[in-house]
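*Asks:* Following this message is one structure expressed as structure tokens.
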């Protein structure tokens, strides 16, 4: 069983920055594929960014160039640095982990509100 705990959400003005963190339990974190998803009010959950065990990263077009995903395997933590935030980035952000056995885990989410 892997537990994921997100933190770092909050209220920020357009153009501002936030860094989300997701702390994972377990001893095999370095082998997990980690992703961030988000769900805006009234919309379906959408993928935001991924990072593999080999530190290969991918981003949704909507956040490319503004968001950066990274991981610290020593701390069992994945991060999402969000810059140049827009109103449309408002959402609940979820951390996701996939183990080498393809078992999936989700965090409970952290809310990000971009508003002036």
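Residue numbers (our numbering): 86 to 201.
Each residue gets a CB set at the ideal place from its N, CA and C atoms; glycine is no exception.
This structure is a prediction, so every number in the text was calculated from the model and none was measured.
#1: Helix or strand or just coil, what does DSSP make of residue 110?
#2: Short of 6 Å in beta carbon distance, which residues of its chain neighbour residue 166, apart from the five on each side in sequence? Order them along the chain.
#3: Using 8 Å as the threshold, is the C-beta distance between residue 162 and residue 107 below it?
#4: Ordered along the chain, which non-local residues of its own chain (more than five positions away) have a Cβ less than 6 Å from that of residue 151?
#5: Mapping DSSP to helix, strand and coil, what is residue 202?
#6: Where in the segment 111 to 136 do unbroken runs of the beta strand (DSSP E), each at least 3 residues long, occur, reported from the N-terminal end onward?
#7: Which of the three DSSP states is assigned to residue 157 in this structure?
*Replies:* On the basis of the data shown:
#1: coil
#2: 104, 153
#3: yes
#4: 168, 169
#5: What is shown of the chain runs 86 to 201, which leaves residue 202 out entirely.
#6: 118 to 124, 131 to 136
#7: strand
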